[in-house]
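Heads up: take any position in the sequence shown, counting from 1, add 2, and you land on my numbering.
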Amino acid sequence: MRLRKWSIGVYAALGLALCLTGCGQSEQKETKNQPTTAAVTASAVTDSKSEAKTLKEAFDGDFKVGVTTTSGYLSEEDRVAQIKENFNSITMENEMKPESLLDWEGSEKSKDGMPAIKEETLEKALKAAQEAGIPLRGHTLVWYSQTPKWFFSKKYDPSKGYVDKATMKKRMESYIKQVLTYCKENYPGLIYAWDVVNEAVGDDGNYRTESMWYETYGDFSYIKDAFTFARKYAEKGTKLFLNDYNEYIAQKRDLFYAKVVELHDAGLLDGVGMQSHWDMDFPSVDLFETALEKYASIDGIEIQLTEIDMHNTDDSEEGLKKQAERYKEFFDVITKMKREGKANITSVTFWGLKDGESWLSGFKGETSYPLLFTDDMEKKPCYDSILEAGKTAQK
Numbered sequence: 003m004r005l006r007k008w009s010i011g012v013y014a015a016l017g018l019a020l021c022l023t024g025c026g027q028s029e030q031k032e033t034k035n036q037p038t039t040a041a042v043t044a045s046a047v048t049d050s051k052s053e054a055k056t057l058k059e060a061f062d063g064d065f066k067v068g069v070t071t072t073s074g075y076l077s078e079e080d081r082v083a084q085i086k087e088n089f090n091s092i093t094m095e096n097e098m099k100p101e102s103l104l105d106w107e108g109s110e111k112s113k114d115g116m117p118a119i120k121e122e123t124l125e126k127a128l129k130a131a132q133e134a135g136i137p138l139r140g141h142t143l144v145w146y147s148q149t150p151k152w153f154f155s156k157k158y159d160p161s162k163g164y165v166d167k168a169t170m171k172k173r174m175e176s177y178i179k180q181v182l183t184y185c186k187e188n189y190p191g192l193i194y195a196w197d198v199v200n201e202a203v204g205d206d207g208n209y210r211t212e213s214m215w216y217e218t219y220g221d222f223s224y225i226k227d228a229f230t231f232a233r234k235y236a237e238k239g240t241k242l243f244l245n246d247y248n249e250y251i252a253q254k255r256d257l258f259y260a261k262v263v264e265l266h267d268a269g270l271l272d273g274v275g276m277q278s279h280w281d282m283d284f285p286s287v288d289l290f291e292t293a294l295e296k297y298a299s300i301d302g303i304e305i306q307l308t309e310i311d312m313h314n315t316d317d318s319e320e321g322l323k324k325q326a327e328r329y330k331e332f333f334d335v336i337t338k339m340k341r342e343g344k345a346n347i348t349s350v351t352f353w354g355l356k357d358g359e360s361w362l363s364g365f366k367g368e369t370s371y372p373l374l375f376t377d378d379m380e381k382k383p384c385y386d387s388i389l390e391a392g393k394t395a396q397k
């Protein structure tokens, strides 16, 4: 297949912000009537953001601001314009998950017994992102959900029982190799990060056992195997993440942290994916900040907030105001920790563009208004409150 070229601009403002932040790292002898370096940096950051009108402008130089989408949505001119105006990263909500990419008929006919992938599906997603001109987060390679049972079954027949660990390990490597090789050979530079393993830890603080990965492996070594293969086949420079939700609950946080440290020390993992599905009353901002600080304490680790939304059933003026205030509290913490150099946050992604397209209404069984835009594509108060956090958060 013909090689597609991909170029991602380097913004001058990024270099400026990094320079300013770096200046605040070194000790300076304070003299009378002279503002501290931190104060100068804070003032400069705030001044540079004061005219920002969009989220990507307000956080330029801090981190990418992303949103989920589909290849179909990216064929809509108005939608693309809306995304490009406000965001500089996208994630395909479902199209790059295993159930979308695995090819059952092709796998059954496979001569070497290894799974086949639907290259046309992957091609459609990658091409749409490239034509839109927006960097892409890959989501997700290994997950207990949205991965078909036949993938784990003998002869790819779900009625025949599971294969053994050795066979499943080979299938995993083949699948990851095919997906990552297609991406890097046909769309080099497009994908800047991958969620390699998604939701491997349960809320009870133990590894998830209700998983066909666990059932075929008989243990949790599949997590390390997935990162080993992803590191082997991913394009050089692509960042690899362990991604999970409720990542701030103490018992879950601690096991998740331990696995991140293990994989990072082995050179297999680059960062923590904090999904950040918030409710109106949980988690507390303090609980979130504690988790963020814990992950940030790992030397050299990146942090990306990968699936942000805030479940809210009240779309009254007061309900949306409360949501906006709560969103700002979180983003005040996020922005402050980034600009103080306390957390290497490199990307934040909202899990959907407008309320009516959110997964939450179906999942919760009640209408939710969790995102930044109304169904008429009007900015909600929470958009403005997050924008304000980006414009005003200081050291």
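Every residue gets a Cβ at the ideal spot worked out from N, C-alpha and C, and that includes glycine.
Enumerate in chain order the residues of its own chain whose CB-to-CB distance from residue i is below 8 Å, with the five nearest sequence positions on each side excluded.
i, result
"residue 133", "76"
"residue 393", "48, 51, 52, 54, 60"
"residue 31", "Residue placement at residue 31 is poorly supported in this model, since its pLDDT is 33, which falls under 50; the coordinates still yield a value, given next. None."
"residue 313", "279, 280, 281, 282, 362, 366, 370, 372"
"residue 381", "374, 375"
"residue 151", "160, 214"
Can you tell me where the beta strand (DSSP E) holding residue i begins and where it ends?
i, result
"residue 309", "304-313"
"residue 301", "Segment: none, residue 301 is in no beta strand (DSSP E) and carries neither H nor E."
"residue 347", "347-352"
If you check the beta carbons only, do residue i and residue j fall under 7 Å apart?
i, j, result
"residue 347", "residue 305", "yes"
"residue 153", "residue 104", "yes"
"residue 267", "residue 201", "no"
"residue 373", "residue 317", "no"
"residue 242", "residue 198", "yes"
"residue 100", "residue 173", "no"
"residue 195", "residue 249", "no"
"residue 165", "residue 352", "no"
"residue 296", "residue 259", "yes"
"residue 262", "residue 244", "yes"
"residue 273", "residue 303", "yes"
"residue 210", "residue 146", "yes"
"residue 276", "residue 307", "yes"
"residue 391", "residue 330", "yes"
"residue 83", "residue 144", "no"
"residue 163", "residue 156", "yes"
What residues match up with residue i in a beta bridge as DSSP calls it?
i, result
"residue 91", "68"
"residue 139", "93, 195"
"residue 275", "245, 306"
"residue 356", "375"
"residue 200", "145, 245"
"residue 118", "105"
"residue 280", "312"
"residue 155", "164"
Tell me the residue span of the alpha helix (DSSP H) that contains residue i.
i, result
"residue 165", "No alpha helix (DSSP H) contains residue 165, which DSSP labels as neither H nor E."
"residue 214", "214-219"
"residue 131", "121-134"
"residue 331", "319-341"
"residue 211", "No alpha helix (DSSP H) contains residue 211, which DSSP labels as neither H nor E."
"residue 231", "224-235"
"residue 269", "No alpha helix (DSSP H) contains residue 269, which DSSP labels as neither H nor E."
"residue 365", "362-366"
"residue 391", "383-394"
"residue 60", "57-60"
What residues in its chain sit with their C-beta under 7 Å from that of residue i, if we drop five residues either side in the sequence?
i, result
"residue 67", "57, 58, 61, 89, 90, 91, 350"
"residue 97", "72, 73, 123, 127"
"residue 356", "373, 375, 376, 377, 379"
"residue 215", "144, 146, 224"
"residue 300", "262, 263, 266"
Using a Cβ cut-off of 7 Å (strictly closer), state whether residue i contacts chain D.
i, result
"residue 224", "You won't find chain D in this structure, because it holds only one protein chain."
Report back the beta-carbon spacing between residue i and residue j to the nearest angstrom; my notes put them in contact at under 8 Å.
i, j, result
"residue 332", "residue 375", "Contact flag wrong, Cβ pair sits at about 18 Å."
"residue 328", "residue 64", "Contact doesn't hold; Cβ gap of about 20 Å is too wide."
"residue 230", "residue 193", "Actually they do not touch by this definition, with Cβ atoms about 19 Å apart."
"residue 185", "residue 125", "Not quite, the Cβ-Cβ distance comes to about 10 Å (not below 8 Å), so this is no contact."
"residue 167", "residue 218", "6 Å"
"residue 205", "residue 254", "5 Å"
"residue 189", "residue 106", "Going by Cβ atoms, the distance from residue 189 to residue 106 rounds to 25 Å, so no, they are not a contact pair."
"residue 315", "residue 368", "6 Å"
"residue 136", "residue 85", "7 Å"
By Cβ distance below 6 Å, which residues in the same chain neighbour residue i in space, the five residues on each side in sequence not counted?
i, result
"residue 326", "383, 384, 387"
"residue 439", "The question about residue 439 has no answer, for the chain in this structure spans 3 to 397."
"residue 182", "235, 236"
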